[in-house]
Every structure is written in structure tokens, then in C-alpha cells.
Amino acid sequence: MISSEIASSKDISRLVQRFRWPSPYNAYEWTLSSFSWRNIPQPAFLLVTITPDDIQVNKCLLPNKKTIIASYVILALGLLFFLFYRLVFSILWHRKPYCSCQFVTQKWA
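Dropping the structure here:
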């Protein structure tokens with residue numbers, strides 16, 4: 000356990016030595032919007048990639064709230080249209096062009 004702590008501290012010290020951050024804060028800072036649709040219509044999160052030579056930060060945006068709602072409405076309308084079409088088509092398909100009743104021509108004894 001002690002050897003893993005020493006190795007971890009060496010890795011951190013090498014990372015800190017490799018990247019000298021500018022003064023006055025000595026650290027990079029990234030600001031992004033909230034991760035909730037309640038606060039902003041298009042939330043985001045950060046994707047950080049650390050390589051031996053570089054640190055890359057990507058801002059990943061989630062879909063806009065209006066886009067999601069519009070896609071749900073279009074999907075619901077499409078589903079209703081499909082079900083209505085299937086219902087009407089099945090009624091017309093099974094409809095017989097002739098009368099299905101039988102005429103009684105003689106009395107039953």
C-alpha cells in the first residue's frame with residue numbers, strides 16, 4: 000500500500016512539473032453551464048483528456064430542451080397517424096362489398 004502511495008505521489012509531482020500554469024492562480028479554470036434543463040435550455044459537461052504531452056478539454060453540449068420536446072411531439076403525432084391509418088385500413092379491408100345477411104324465403108315449421 001505504501002509503494003502505491005509513493006507511485007501516485009510521483010505521478011502527481013511529474014504532472015505538476017510538466018504543466019506550469021500561469022500566475023496568479025496557478026491553475027486552469029473552465030466554466031460551463033449547469034447540467035440541468037431547469038437552469039439553462041442547453042446543458043453541458045466537460046470531457047478532459049490528459050496525455051503525457053498535453054491536457055485537452057472539450058465542452059460537450061446536450062441536446063436543446065426545445066429540440067427534445069419537438070421530437071417527442073413529432074413522434075407522438077406520427078404514432079397517432081400510424082394507428083389511425085391502421086384502424087381505418089383494417090376496417091375498410093375487412094368490409095364486405097355485399098350484404099352479409101340472409102333472406103328467409105320460407106317459414107320454419
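Be aware that the sequence shown starts at 0, since it is given in numbering that gives the first Met the number 0, and climbs by one per residue. The beta carbon of each residue, even a glycine, is placed where N, CA and C say it ideally should be. These numbers were taken from a predicted model, which means no experiment stands behind them.
**Q.** Identified DSSP bridge partners for Pro43
**A.** On the sequence shown, residue 43 is found 44 positions in, with the first residue counted as 1. The sequence shown places Ala at residue 43, rather than the Pro named in the question. In DSSP, Ala43 forms a bridge with Leu60.
Q.
On the CB-based measure, 16 or more other CB atoms within 10 Å of its CB, does Pro166 come out buried or exposed?
A. No answer is possible for residue 166: the residues shown for the chain start at 0 and end at 108.
Q) Taking buried to mean at least 16 other C-beta atoms within 10 Å of its own C-beta, is Pro42 buried or exposed? A) The count along the sequence shown starts at 1 and reaches residue 42 at position 43. The residue is buried, with at least 16 neighbouring Cβ atoms inside 10 Å.
(Q) Can you tell me which residues form a DSSP beta bridge with Gln55? (A) Within the sequence shown, the letter at position 56 stands for residue 55. Thr48.
**Q.** Rounded separation between Phe34 and Phe44 - CA only
**A.** Counted from its first residue, the sequence shown places residue 34 at position 35. Counted from its first residue, the sequence shown places residue 44 at position 45. If I take the Cα positions, the gap works out to 7 Å.
Q: Could you tell me the distance, in whole angstroms, from the CA atom of Ser89 to the CA atom of Ile68?
A: As a working mapping, residue 89 is identified with position 90 in the sequence shown. As a working mapping, residue 68 is identified with position 69 in the sequence shown. If I take the Cα positions, the gap works out to 32 Å.
Q.
Within a Cβ cutoff of 7 Å, which residues of the same chain sit near Leu60, ignoring the five residues on either side of it in sequence?
A. As a working mapping, residue 60 is identified with position 61 in the sequence shown. For Leu60, where only same-chain residues beyond five positions count, the Cβ hits under 7 Å are Gln41, Ala43.
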